[in-house]
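J.: 275 is the number that UniProt numbering gives to position 275 of the first sequence; each next residue is one higher, with no gaps. Note that CB positions come from ideal geometry on N, CA and C, so glycine has one too. If you're wondering where the values come from, they're calculated on a predicted model, not measured in any experiment. Quick one: structure below, then a few questions.
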Amino acid sequence: MANNAVTNFHANSRLHFIGSWRARYDVFLDAKLAQKQHDSATNRTRDVASTSRATPRTIFHVDMDCFFASVAMRARPELSTETPLAVSWGTSASKRGEVSSANYAARAFGVKAGMWLDEALRLCPELVLAPYDFAEYEKVALEVYEILFEASRGECVGISCDEAFIDVTSRCESEDAVAVAEQIRRDVYAKTKCACSIGIGSNMLLARLATRRAKPDGAFRVEPKDEREFIAKTRLADLPGFGRHAGEKLQKSTKIRVTDTCETLLKVPVATLKSALGAQKTEKLLEAARGIDKTPWCVRPQRKSIGAQMSWGVRCASNEVAMDYVKQLVREVAYRMQRLKIRGRALNLKLWRAIPDVNTMRDYQGHGACDVLTRTKAMRELSNDTELIISEALTILRELNVEATSIRGLGVSITKLEHGAETATSPGAKQPTLSQMFAKRTAEKATHEEETCVLAASDEELAETESEGDDDVADTQSQLTQNDCDFTLFNSQAEIDSDRERSIRDAFEAAARAYAWQRFELGRLKLSKRRRDTLSEDEYARRACARAADVIATQARRSYAQDGETGLNALLNDARALCRSQELLHETYSSQGAAFIAAWLDRVDSVGKTIVIGSSSL
DNA sequence: ATCCTCCCCTAC
DNA sequence: TAAGGTAGGGGAGGAT
Numbered sequence: 001m002a003n004n005a006v007t008n009f010h011a012n013s014r015l016h017f018i019g020s021w022r023a024r025y026d027v028f029l030d031a032k033l034a035q036k037q038h039d040s041a042t043n044r045t046r047d048v049a050s051t052s053r054a055t056p057r058t059i060f061h062v063d064m065d066c067f068f069a070s071v072a073m074r075a076r077p078e079l080s081t082e083t084p085l086a087v088s089w090g091t092s093a094s095k096r097g098e099v100s101s102a103n104y105a106a107r108a109f110g111v112k113a114g115m116w117l118d119e120a121l122r123l124c125p126e127l128v129l130a131p132y133d134f135a136e137y138e139k140v141a142l143e144v145y146e147i148l149f150e151a152s153r154g155e156c157v158g159i160s161c162d163e164a165f166i167d168v169t170s171r172c173e174s175e176d177a178v179a180v181a182e183q184i185r186r187d188v189y190a191k192t193k194c195a196c197s198i199g200i201g202s203n204m205l206l207a208r209l210a211t212r213r214a215k216p217d218g219a220f221r222v223e224p225k226d227e228r229e230f231i232a233k234t235r236l237a238d239l240p241g242f243g244r245h246a247g248e249k250l251q252k253s254t255k256i257r258v259t260d261t262c263e264t265l266l267k268v269p270v271a272t273l274k275s276a277l278g279a280q281k282t283e284k285l286l287e288a289a290r291g292i293d294k295t296p297w298c299v300r301p302q303r304k305s306i307g308a309q310m311s312w313g314v315r316c317a318s319n320e321v322a323m324d325y326v327k328q329l330v331r332e333v334a335y336r337m338q339r340l341k342i343r344g345r346a347l348n349l350k351l352w353r354a355i356p357d358v359n360t361m362r363d364y365q366g367h368g369a370c371d372v373l374t375r376t377k378a379m380r381e382l383s384n385d386t387e388l389i390i391s392e393a394l395t396i397l398r399e400l401n402v403e404a405t406s407i408r409g410l411g412v413s414i415t416k417l418e419h420g421a422e423t424a425t426s427p428g429a430k431q432p433t434l435s436q437m438f439a440k441r442t443a444e445k446a447t448h449e450e451e452t453c454v455l456a457a458s459d460e461e462l463a464e465t466e467s468e469g470d471d472d473v474a475d476t477q478s479q480l481t482q483n484d485c486d487f488t489l490f491n492s493q494a495e496i497d498s499d500r501e502r503s504i505r506d507a508f509e510a511a512a513r514a515y516a517w518q519r520f521e522l523g524r525l526k527l528s529k530r531r532r533d534t535l536s537e538d539e540y541a542r543r544a545c546a547r548a549a550d551v552i553a554t555q556a557r558r559s560y561a562q563d564g565e566t567g568l569n570a571l572l573n574d575a576r577a578l579c580r581s582q583e584l585l586h587e588t589y590s591s592q593g594a595a596f597i598a599a600w601l602d603r604v605d606s607v608g609k610t611i612v613i614g615s616s617s618l
């Protein structure tokens, strides 16, 4: 049971969404930069990835105001802006969980992000709670990025789903910076119904600090003549990179508090700071305290590591279970590497080991008090091959020699990466067929079908023929519930044990829907012309889904008959890959389709993991 | 000297 | 106590 919680959490967690933002954004960036190269044939080529800025620039720091809460608000048009609302995993009944984001009405009651829900409800009993909606955050974020790219002609550095820097130096030679910022803010609001704030400064640091003054829903510029004064009065806690531990160390050795200003810090002997914080950190801190920021401007930084970890609900009854967790993590990482065409040379295993006798039984699912161990190993070869990485990872796990029952979390990450390399060709790598599948979007002509992916039924298989008559309509209709299709993938109980049937059916249902939507939206999934004319678009899409599910069910049965469990797992991997590939298709899809597919992706993802982990820990 | 490993710290 | 993921940078100290 605990494993279900793990996998569901993993796919639905706010931290996972935030942490994996870069990967989603990269897909968008690639499309953007490719388009830009195309533009440069007609326009003048511009330096997209310039690495440093010596001269003063005009930098905007664009930050969405209480992003998750704003997105939640637009889904609830009946609420006035005066209604306090918070996004949280918990409900007002359970009062468990933390506030992830609170709108400004809620903040007026003292409700803040990070606060426990029971406290938030005590401060503000009428607080409206909204669930996470990751698909929607992604959609809004990319809409905002679209605007920022436009406004800055591609000079946009994405920080997260709700935050970015843009360089508008050249544009602000002829236009007033604040006016430009206000225009961007209006554009963002018009497109997304979400407010953002913009800080303006001569470098990224000053722009970021300016945003603090701009919020909420405003713009603020640090004028060049005011920079000295501005930074001098800035609190140390506001400087980026200056966290809790740095604050404590500083206070211990210098009596300076994080609430003191940069001005104060500069009076401290440099040697004192260095012994407390280290040379590099001191250097950076002192630069920041003078308003200097030498961070390179890089629109598309190269990824240096890629990994996945789990430290929630991890409980291992035996070594085999621990090995299964590791295998599952490696599959996730290898899959991402294959999709991104990245290979690596070094493997890092991270393991949370419970500290004996410390709060041991108090945990429900959390990792509790732990030592965190990490081990690095050079891999036999530059690779992104699932099996190779699994064997290397299991070697490390064995060498760490940790009692399985004390393991509270595991992580796998790959470093020393090489980009753009060819993908592993070993048997495990079925996914490339999917990249082939979706590479076609950008391909000049829509030649289809070297698709060997199990789920990728040919269009012919999916297409209904004109000759199918009204009987078929009735047939299909009988399979439809009021709002949805009925996806029966496994008809016989004997085909698969009933415990797992439900999960697998769920996964394939989601996969089938995603698949059908892709085809539908690409205009390649066709019902008969007559039917298309008589059905509403919604109804048409539903039938198309039902049709696709049917074909996939047949394939699933065939695959199970042929390869048993192995065949099913391969199918599940494909299902996950298929749904994930929606990330590649944002530009092609309608927003409705993209949102649907994103939701199904989550389901396939979690069901897929549940099955693999669950089956091996039975 | 320089690199590497195993941490620690930070941001979002 | 509590949905504790992903990624980057740096330091100490050992290996080369």
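Per DSSP, which residues does residue 18 bridge with? Please list them.
T.: For residue 18, which the question treats as bridged, DSSP gives no partner whatsoever.
J.: What span of residues does the beta strand (DSSP E) with residue 394 cover, start to end?
T.: Counting along the chain, residue 394 falls outside any beta strand (DSSP E), though it belongs to the alpha helix (DSSP H) covering 386-400.
J.: Assuming the contact rule is C-beta atoms closer than 8 Å, residue 161 and residue 103 should be a hit. Round their C-beta distance to whole Å, please.
T.: Incorrect: roughly 17 Å between the Cβ atoms, too far for contact.
J.: Which residue wins for smallest C-alpha separation from residue 198, given the options 209, 189, 206 and 219?
T.: The option with the nearest alpha carbon to residue 198 is 219.
J.: Rounded to whole angstroms, what's the CA-CA distance from residue 340 to residue 420? Just pull it up for me.
T.: If I take the Cα positions, the gap works out to 8 Å.
J.: Who are the near neighbours of residue 126 in its chain, counting only those whose CB is closer than 7 Å to its CB and skipping five residues on each side?
T.: 84, listed in sequence order.
J.: Could you say which of 346, 370 and 391 lies nearest to residue 405 if we only look at CA atoms?
T.: Nearest of 346, 370 and 391 to residue 405, Cα basis: 370.
J.: Taking C-alpha atoms, which residue in 306, 240 and 187 lies nearest to residue 206?
T.: Per the Cα distances, 240.
J.: Could you check which residue in 212, 32 and 101 has the C-alpha nearest to that of residue 150?
T.: Residue 150 has its Cα closest to that of 32, out of 212, 32 and 101.
J.: Measuring CA to CA, which of 28, 95 and 290 is closest to residue 226?
T.: Of the listed residues, the one whose Cα sits closest to residue 226 is 290.
J.: Could you say which of 72, 190 and 152 lies nearest to residue 138 if we only look at CA atoms?
T.: The option with the nearest alpha carbon to residue 138 is 72.
J.: Would you give the residue range spanned by the alpha helix (DSSP H) that residue 344 belongs to?
T.: Counting along the chain, residue 344 falls outside any alpha helix (DSSP H), though it belongs to the beta strand (DSSP E) covering 342-354.
J.: Along the beta strand (DSSP E) that carries residue 239, what are the first and last residues, could you check?
T.: Neither: residue 239 is in no beta strand (DSSP E) and is coded neither H nor E.
J.: Give the range of the beta strand (DSSP E) segment to which residue 60 is assigned.
T.: From DSSP, the beta strand (DSSP E) with residue 60 extends over 59-64.
J.: Whose C-beta lies closer than 6 Å to the C-beta of residue 383 among residues of the same chain, with five residues either side of it excluded?
T.: So the list reads 343, once near-sequence residues are dropped.
J.: By DSSP's criteria, residue 377 is part of a beta bridge. Which residues make up the other side?
T.: DSSP lists 347 as partners of residue 377.
J.: So which of 96, 414, 311 and 222 has the shortest CA-CA distance to residue 116?
T.: The option with the nearest alpha carbon to residue 116 is 96.
J.: Report yes if the C-beta of residue 232 is less than 6 Å from at least one heavy atom of the ligand SAH; otherwise report no.
T.: The ligand SAH is not among the ligands present in this structure, which contains no ligands whatsoever.
J.: Between the stretch 327-336 and the stretch 384-392, can you find at least three pairs of beta-carbon atoms closer than 8 Å?
T.: Judged by Cβ distances under 8 Å, the stretch 384-392 makes contact with the stretch 327-336, as three or more pairs qualify.
J.: In chain order, which continuous runs of the beta strand (DSSP E) of length 3 or greater are located wholly inside the stretch 142-166?
T.: Qualifying beta strand (DSSP E) stretches, in chain order: 156-160.
J.: Along the chain, where does the beta strand (DSSP E) containing residue 99 start, and where does it finish?
T.: Segment 99-102, the beta strand (DSSP E) holding residue 99.
J.: So, using beta-carbon positions, are residue 397 and residue 326 closer together than 7 Å?
T.: The answer is yes: Cβ separation under 7 Å.
J.: Rounding to the nearest angstrom, what Cα-Cα distance links residue 129 and residue 86 in this structure?
T.: Approximately 5 Å, taken between the alpha carbons.
J.: One question on the structure: do residue 57 and residue 169 come within less than 7 Å of each other, judged by their Cβ atoms?
T.: Contact: yes.
J.: Run through DSSP, which three-state label would residue 416 get?
T.: It is a strand residue.
J.: Under the three-state reduction of DSSP, which class applies to residue 174: helix, strand or coil?
T.: It is helical.
J.: Determine which residues share a DSSP beta bridge with residue 310 and list them.
T.: Residue 310 pairs with 410.
J.: In three-state terms, what does DSSP make of residue 192?
T.: Of the three classes helix, strand and coil, the one that applies to residue 192 here is helix, per DSSP.
J.: Output yes or no for whether 7 Å exceeds the beta carbon distance between residue 308 and residue 329.
T.: Yes, these two residues count as a Cβ contact at 7 Å.
J.: Residues bridged to residue 371 by DSSP?
T.: In DSSP, residue 371 forms a bridge with 353.
J.: Using the Cα positions of residue 380 and residue 242, report the straight-line distance between them to the nearest angstrom.
T.: Their backbone Cα atoms lie some 39 Å apart in a straight line.
J.: At what residues does the beta strand (DSSP E) containing residue 270 begin and finish?
T.: No beta strand (DSSP E) contains residue 270, which is instead part of the alpha helix (DSSP H) from 270-277.
J.: Could you give the C-beta distance for residue 293 and residue 163, rounded to a whole number, given that I count them as a contact under 8 Å?
T.: Residue 293 to residue 163, Cβ: 16 Å. No contact.
J.: On a CA-only basis, which of 148, 75 and 167 is nearest residue 135? Give me that one, please.
T.: The residue with the shortest Cα to Cα distance from residue 135 is 75.
J.: If you count every other CB in all the chains shown that lies within 10 Å of the CB of residue 176, and 16 or more means buried, which is it?
T.: Per the 10 Å Cβ criterion, exposed.
J.: Which residue's Cα is closest to the Cα of residue 29: 156, 77 and 202?
T.: Residue 29 has its Cα closest to that of 156, out of 156, 77 and 202.
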